[in-house]
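For reference, the structure is listed below as structure tokens.
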Amino acid sequence: MAGLIRRSDIDEVRSRTNLADIVGDYVALKSAGVGSLKGLCPFHDERSPSFHVRPQVGFYHCFGCGEGGDVYSFLQKMDHVTFQEAVERLAARIGYTLHYEDGGQAADQGNRSRLLAANAAAEQFFRAQLSTPEAEPARRFLGERGFDAAAAERFSIGYAPNAYDVVGAHLRGLGFTAEEILAAGLQGQGDRGPYDRFRGRLIWPIKDVTGQTLGFGARKLLETDQGPKYLNTPETPVYSKSKVLYGLDLAKRDIARGKQVVVVEGYTDVMACHLAGITTAVATCGTAFGSDHITIIRRVMGDVDNRDSHGLGEVVFTFDPDEAGQKAASRAFADEHRFAAQTFVAVAPDGLDPCDLRLQRGDDAVRLLIQSRKPMYEFMVRRQLDSFDLETVEGRVAAVRATAPIVAGIRDEALAIGYTRTLAGWIGIDPAEVTAAVRAARRAAPPSRRGAASAPGAGPAAPGGGAASIPPGDAAAAQVDAPVPTIGIAQLPNDPVTRLERELLMALLQHPDLIERSVAERSLHTAFGQPALATVRDAMLAAIDSYGSADWARRVTAEAPGAFEPLVTQLAIAPLPMRAGFEAEYCRGVTTSLIERDLLRRKTELLGALQRTDAEAEPDRHRALQRELVELEAERRRVRGD
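Numbering (my numbering), first residue to last: 1 to 642.
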């Protein structure tokens, strides 16, 4: 192995590299004044840009989370590479030959670089195999779906021979070790030794935003193949299916330029869209569209929530009309509020996916599909209305209850007013009734989903997003000054933060014998993000003198506002997700997690205050803040039992 890279080479590569070009592969940047660019920070989730880059100086800094550094530290943090690997990657990018302290000119690329190199070599091998006689089923599959040789080349499609160890043997011949090939997910370990993971299959390389091949997706072609229809690379040090989007390397420029992304459901759908001119299409890789995908899209798109650009971007989802597609639509809608951009749904006639639509009706039909998209809110409202008999009074009242929270979640006030009138027309009732129901739903919703009540640019969405439902009762009676409807567990969001807060309250109500009162009080004094649970928390603190007594839960119920009494009861009864015999460990874990979360929040606040304090002008305050930080760290260690 070669030694350390010469300092002069490190400085030379840095000086020859434009930091904005490197950062721009991950984040959409725009001008922020003379010599400065800004975008959404890649190191924490935010709605307004606080991440600044100064190419001339060669440094970046986020005024939100405090991350900063040069081009090397950026790559280290983004791609989890060593300093030496970051230097070597940039040197290769600009064609600069590095020199090492022992006189060498090559260095071991490290584990990650070796896995990426193995994937790149495997991709070239698969692509070469597509033209062999054995790959005729693969070429036929592509041809039957309207993809020619040029399309296969454009998307780097290949073929995996139907053999036990041909890929492994090829890579070993190139100098890769058996361990590296296994670690890259290209082979599995069998009784007879390593075997090729992909055999007799059509291959799509899955790449990151910079074009590096992280893994592969493989489609079954042969009747003798007993595996699943689609088989992806397993989780590896370089591939995580929840953090990649197929086609993003090809689509990123047009996504950033046009402020639009089209989310489809498969590899062939991405191909069909791009070939039809929809060059902003991407797809998930064997997993549901989730929060990590949203973060990736928002960074590439530059999805900023402020008064100047709010609503300019578009996120268009295509869903199949089957049950799986409807579930996917519901999941997407649950996270809709995380986008500053407007969200839309495009459903093809006869339920065709983009690939079949292009095959049967041509490129124009695919373009028309995206052009005829409907707003996500309208799609969800109409989907709800399909569940009710609007010819009956009961059906119309139930329809108002189901759809009012959806309209209440619309961030644009003018748009929400328009949808309120439209909804009244669809249902066939007095607009005043719908208006009252929407206002009540908005008051009942958590802050992050209060739609028009939240001004654009208000900052990150609070934890616990999700619109609450209108409870049974006459929608027409839901006036502005009406009491908040009753709340139950089923109406709470199901995100990790809300689950943790909910399970803490359940543990304290159900197992006070396993949690000391001092620990219970400490955990209840933490900040809660879910408003309904925060209200129950306040009731528990008001009744804390009865903690552990026979009437503990009843006292809490008595202290809670009337609308929250059912929630307290349900929290005291609902089963906790823990195994029998591990109750004490579970209760200790959930209380510790809440306390640690609060300590982290306090630490962040103290660090901010310390940075704002001039040590020379305010020495006493500066020392006091330092003492608080030391005490906070000591408390954190006590909580963790260190």
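All C-beta atoms in this analysis are idealised placements derived from N, C-alpha and C, irrespective of residue type, glycine included.
Note that the structure is predicted; figures quoted are calculated from it, not measured.
Residue pairing from DSSP leaves residue 549 without any beta-bridge partner.
A straight-line Cα-Cα distance of about 9 Å links residue 149 and residue 131. Selection 423, 412, 162 evaluated against residue 390 yields 423 as nearest (Cα-Cα).
In its chain, beyond the 5 residues on either side, 591 have a beta carbon closer than 6 Å to the beta carbon of residue 519. Residue pairing for residue 194: DSSP places it in a beta bridge opposite 189. The three-state reading of DSSP puts residue 44 in coil, since its state is none of H, G, I, E or B. By the Cβ test, the region 334-353 is not in contact with the region 394-404, since fewer than three Cβ pairs between them sit closer than 8 Å.
For residue 314, the enclosing beta strand (DSSP E) stretches over residues 314-318.
Of all alpha-carbon atoms in 537, 586, 552, 581, the one lying nearest the alpha-carbon of residue 564 is that of 537. Rounded to whole angstroms, the gap between the alpha carbons of residue 287 and residue 558 is 45 Å. Look at residue 343 here: in three-state DSSP terms it is strand. The beta carbon of residue 541 sits closer than 7 Å to those of 524, all from its chain and outside the five residues before and after it, given in chain order. Under the rule that a run must span 4 or more residues, the alpha helix (DSSP H) segments found entirely inside the region 503-589 read 517-524, 531-542, 552-559, 565-573. With contacts defined as CB atoms closer than 9 Å, residue 246 and residue 217 qualify as a contacting pair. Following the DSSP letters along the chain, one finds residue 206 inside the beta strand (DSSP E) bounded by residues 201-207. Within the DSSP secondary-structure output, residue 31 pairs in a beta bridge with 37. With 16 or more other Cβ atoms inside 10 Å of its own Cβ, residue 156 counts as buried. If you draw a 10 Å sphere on the C-beta of residue 121, you find 16 or more other C-beta atoms in it, and that means buried.
Ranked by Cα distance from residue 208, the first of 191, 249, 624, 101 is 249.
When C-alpha distances from residue 329 are compared across 357, 263, 626, the shortest belongs to 263.
Taking 8 Å as the upper bound for CB-CB distance, residue 314 and residue 252 are not in contact here, some 16 Å apart. About 4 Å separates the Cβ atoms of residue 214 and residue 239, confirming a contact at the 8 Å cut-off.
Counting along the chain, the unbroken beta strand (DSSP E) around residue 218 starts and ends at 213-220.
Of 358, 115, 19, 4, the smallest CA-CA separation from residue 75 is found for 19. For residue 260, no alpha helix (DSSP H) run applies; the uninterrupted beta strand (DSSP E) run containing it begins and ends at 260-264, by DSSP.
For residue 51, the enclosing beta strand (DSSP E) starts and ends at 51-54. Excluding its 5 nearest sequence neighbours in each direction, residue 276 has C-beta neighbours in its own chain below 7 Å: 358, 363, 366, 367, listed in chain order.
A distance of 9 Å or more separates the beta carbons of residue 625 and residue 602. Taking all protein chains shown into account, residue 94 has fewer than 16 neighbouring C-beta atoms within 10 Å of its C-beta and is therefore exposed.
If you ignore the 5 residues before and after residue 636, its C-beta comes within less than 7 Å of the C-beta of 596, 599, all in its own chain and listed in chain order.
Taking 8 Å as the upper bound for CB-CB distance, residue 5 and residue 100 are in contact here, some 6 Å apart. In this structure, residue 588 places its C-beta atom within 9 Å of the C-beta atom of residue 514. Under the 10 Å beta carbon count, residue 372 is surrounded by fewer than 16 other beta carbons and is classified as exposed. Scanning its chain for C-beta atoms nearer than 6 Å, with the 5 sequence neighbours on each side dropped, one finds around residue 98 the residues 5, 9, 91, in chain order. Residue 168 carries a helical assignment under DSSP once its states are collapsed to helix, strand and coil. Each of 584, 226, 165 was checked against the Cα of residue 192, and the nearest Cα belongs to 165.
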